[in-house]
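Since the structure comes first, as structure tokens, the remarks are kept for the end.
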Amino acid sequence: MDELTAANLVKEARAAAAAGDITEAERLTRRSLEIWPDNKEAWLLLAAFLADVDEKRSAIKRALAIDPFYEEAKAALARLDGHSEAEDEPEALYCANHPERETMLRCNKCNKPICMECAIQTPVGYRCPECVREQQDKFYTAELSDQTKGYIAAAFSGFALGLLAILLNMFLAGFFGWLIAFFVGSALGGALSEVIWRATGRKRARGFNARATGLVVLMAGLMVLGSMGLFGRLPITAAIALFTAASAIYARLR
Ligand SMILES: [Zn+2]
Ligand SMILES: [Zn+2]
């Protein structure tokens, strides 16, 4: 209860200081400290309101007597003693991968100094290449056997896509034909990406999506080219179906 009263007095003191009444702020802080003398924040606050350097110093020292590891009080004392420049100036860091390069940056995961070239910007801040790779390894868990199943599924997917593209191209042309090819292509691409994703056991591998998509396109593309004689026209409808399916697969496998 007393601590609550003391804390409220500190709040009032801050309000008084914010309003520019430092004398009142000092008085309120002192009253608060009479009730709760072990409040280190209040001692540091009091130091801020005192004009006399020696009084300031002794108030900060009271805060440090309560908590010797009170960083803000240590910093305040250092500032008061004129060590502020030496304290605040960061020591020179050198990139862990390029020892000749001075830098101010650290990896925000392992805290290792890194230069701008080594730093990789991630959604959670700058990281070193090693930490990024470690993070990726947790993400890319597909074994070779999983990947092989994925490539087999991709080959079959390419075959299915090739067949569909050929059929579409035989029966559809012109704007509406292309529009239908666009929608059918992206729908089939979505379904095929699911098939490939399941075939890998829902695991990822570095670069797998690009290679699997390439395999699908290669397979389907060769089939379309081999059937050119059937169409009697340019395989534009087939190309649209292929392209939309491939982009759907590439995006979904990522
Ligand atoms: Zn790191
Ligand atoms: Zn570097």
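Okay, so the sequence shown: first residue is 49 according to the working numbering, each after it adds one. Every residue, glycine too, gets a C-beta built ideally from N, C-alpha and C. Here the structure is a predicted model, which is why all the values come from computation and not from measurement.
- A check of alpha carbon separations from Ala221 across Ala203, Asp102, Ile288 and Leu57 identifies Ile288 as the nearest.
- Judged by DSSP secondary structure, Arg300 falls outside any beta strand (DSSP E) and instead within the alpha helix (DSSP H) spanning Ile284 to Leu301.
- Neighbourhood of ligand 2, defined by CB distance below 6 Å to any of its heavy atoms: Cys143, Asn145, His146, Arg149, Ile162, Cys163, Glu165 and Cys166, in chain order.
- A heavy atom of ligand 1 is found nearer than 7 Å to the CB of Lys157.
- In chain order, Arg175 and Cys179 place their CB closer than 6 Å to the CB of Lys157, counting only its own chain and leaving out the 5 sequence neighbours on each side.
- When DSSP reads this structure, Pro171 sits in no beta bridge, so it has no partner.
- Counting only the Cα atoms, Leu125 lies some 14 Å from Ala99.
- Of the candidates Arg154, Lys88 and Ile162, Ile162 places its Cα closest to the Cα of Pro147.
- Note on Thr285: 16 or more other CB atoms within 10 angstroms of its CB, so buried under the neighbour-count rule.
- Inclusion of Val264 and Ile214 in the CB contact set at 8 Å is not warranted, their separation being larger than that value.
- Here the distance from the Cβ of Arg181 to the nearest heavy atom of ligand 1 is not below 7 Å.
- Per DSSP, the beta bridge partners of Arg154 are Pro161.
- Judged by their CB atoms, Gln195 and Ala253 are nearer to each other than the 8 Å cut-off.
- For Gly233, same chain residues with a beta-carbon under 6 Å away, outside a window of 5 residues either side, are Ala289, Thr292 and Ala293 in chain order.
- Taking the C-beta atoms as reference points, Leu92 is found nearer than 8 Å to Glu120.
- In the DSSP annotation of this structure, Lys251 is not part of any alpha helix (DSSP H), being labelled neither H nor E.
- DSSP lists Glu150 as the bridge partner or partners of Tyr142.
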